Amino acid sequence: MAFWIEALVALSLLVGSMFALVGAIGLYRLPDFFMRLHGPTKSTTLGVGGMVIASLIYFSFHGEGVSLHELLIALFLFITAPVSAHMLAKAAMQQKLHIDAKTRGKPWEQ
């Protein structure tokens with residue numbers, strides 16, 4: 000395999016893992032549910048997407064052709080993550096979940 004392909008795969012893995020790490024730290028450090036919801040839905044989704052892109056590049060050049068499995072995984076991930084985050088936020092709003100003082104906006108109090 001060519002050096003530039005290996006470098007591209009390594010770069011995609013590094014960028015993806017950095018996004019996933021930032022998302023995990025955000026999930027751990029942020030104070031309430033609504034703030035914690037942003038870590039996994041935003042940066043962790045991009046992190047897993049970067050790792051899937053690295054896998055797509057590697058197996059496309061290492062195997063017989065373009066690998067469609069990774070494309071389907073990425074499509075499923077980028078469609079389901081925002082929908083599930085929206086549903087979780089709506090359920091938390093219906094339950095009037097406790098929020099931190101730093102959280103802006105309280106739509107259930109309007």
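Take 0 as the starting number for the sequence shown in numbering that gives the first Met the number 0 and just add one per residue. All C-beta atoms in this analysis are idealised placements derived from N, C-alpha and C, irrespective of residue type, glycine included. All figures in this text were calculated on a predicted structure; none of them were measured in a lab.
Q.
Mapping the DSSP letters down to three states, classify A90 as helix, strand or coil.
A. DSSP, read as helix, strand or coil, puts A90 in helix.
Q: Answer yes if the segment 15–34 comes into contact with the segment 85–96, meaning at least three C-beta pairs across the two stretches below 8 Å, and no otherwise.
A: Under the 8 Å Cβ criterion, the segment 85–96 counts as touching the segment 15–34, having at least three qualifying pairs.
Q. Is the beta carbon of S42 sitting closer than 7 Å to the one on G22?
A. Contact flag set, yes.
(Q) Helix, strand or coil for R28? Go by DSSP, reduced to three states. (A) In the three-state reduction of the DSSP assignment, R28 falls in the helix class, which pools H, G and I.
(Q) DSSP three-state label for L134, please. (A) For the chain, the structure presents residues 0 to 109; residue 134 sits outside this window and is missing.
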